[in-house]
Amino acid sequence: MTSADSVDPQNEDKARPEPRAARQLESQELLRGEREVLILHSGEVYRLRLTRNGKLILQK
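Residues in the sequence shown are numbered from 1126 upward in steps of one, following the working numbering.
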């Protein structure tokens, strides 16, 4: 191990950026009063559906 390979434990946290918290959305922001919404991801269409029981289902 060379000195370039060693990491100073005091500076180890400074070298790594803080992880960002995942963005949080209310389901109603996505659904906007509808029971389902289509989501396009990498050329594929996914369906996010709100069930009668208030559960969310994501289908390809």
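Glycine residues also receive a C-beta, built at the ideal position from the N, C-alpha and C atoms. Computed from a predicted model, the values in this text were never measured in an experiment.
Give the secondary structure of residue i by DSSP, where H, G and I count as helix, E and B as strand, and everything else as coil.
i, result
"residue 1154", "helix"
Return the Cβ separation of residue i and residue j in integer angstroms, given the expectation that the two are a contact with Cβ distance under 8 angstroms.
i, j, result
"residue 1175", "residue 1161", "7 angstroms"
"residue 1180", "residue 1169", "Actually they are not in contact, since the Cβ atoms of residue 1180 and residue 1169 sit about 22 angstroms apart, beyond 8 angstroms."
"residue 1172", "residue 1163", "6 angstroms"
Could you pull out every residue in the same chain whose Cβ sits closer than 8 angstroms to the Cβ of residue i, ignoring the five residues on either side in sequence?
i, result
"residue 1152", "1175, 1181"
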